[in-house]
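What follows is one structure encoded as structure tokens, with my remarks underneath.
Numbering (the working numbering), first residue to last: 218 to 378.
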């Protein structure tokens, strides 16, 4: 339920702020792709990461990234991130903007602020290469931080090239 609520909150905030929320164009060859990962940073830790490998025979096109982070209330902390991909033997870092603080998390114990980020991207990753995501927090490393990161796009096959 928490992930569903976070996704709805993120979508509503993006639309209220006037952002265009992209959709995945369907074609005869592209297979939709999406993954949501939970990243945590313990008290005193500044960086969180995850990675996965693109399947053999597929090229990944990442078209959208969204993230909700829960940081200690009124800590002044923010989060920034980057997606690292490889295509044609070249690695590239795709840096993301800072998240927007939408205030205390609407729960029975509002001890965390929700930070939202929703950004269109266009990042390619070749078959059998590692896709990495890293996030760091600013200002302070006090308190635990929990993030839910969603990457979406599509797998492309040779007929798309």
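From the three backbone atoms N, C-alpha and C, an ideal C-beta is built for every residue, glycine too.
- Below 8 Å, enough C-beta pairs join the stretch 288-302 and the stretch 322-340 to call them touching: three or more.
- Residue pairing by DSSP places residue 330 opposite 288, 321 in a beta bridge.
- Here residue 337 carries a strand assignment [DSSP, helix/strand/coil].
- Take the alpha-carbon of residue 259 and the one of residue 275: they are about 35 Å apart.
- Burial is judged here by how many other beta carbons sit within 10 angstroms of a residue's own beta carbon; residue 362 has at least 16 and is buried.
- In the three-state scheme derived from DSSP, where H, G and I count as helix and E and B as strand, residue 295 is classed as coil.
- Secondary structure at residue 283: strand, using DSSP grouped into helix, strand and coil.
- If you ignore the 5 residues before and after residue 309, its C-beta comes within less than 8 Å of the C-beta of 301, 302, 303, 340, all in its own chain and listed in chain order.
- Residue 249 sits in a strand when the DSSP states are folded into three classes.
- Annotation: the continuous beta strand (DSSP E) that includes residue 310 extends over 307-312.
- If you look at residue 362, you'll find it in the beta strand (DSSP E) that goes 362-373.
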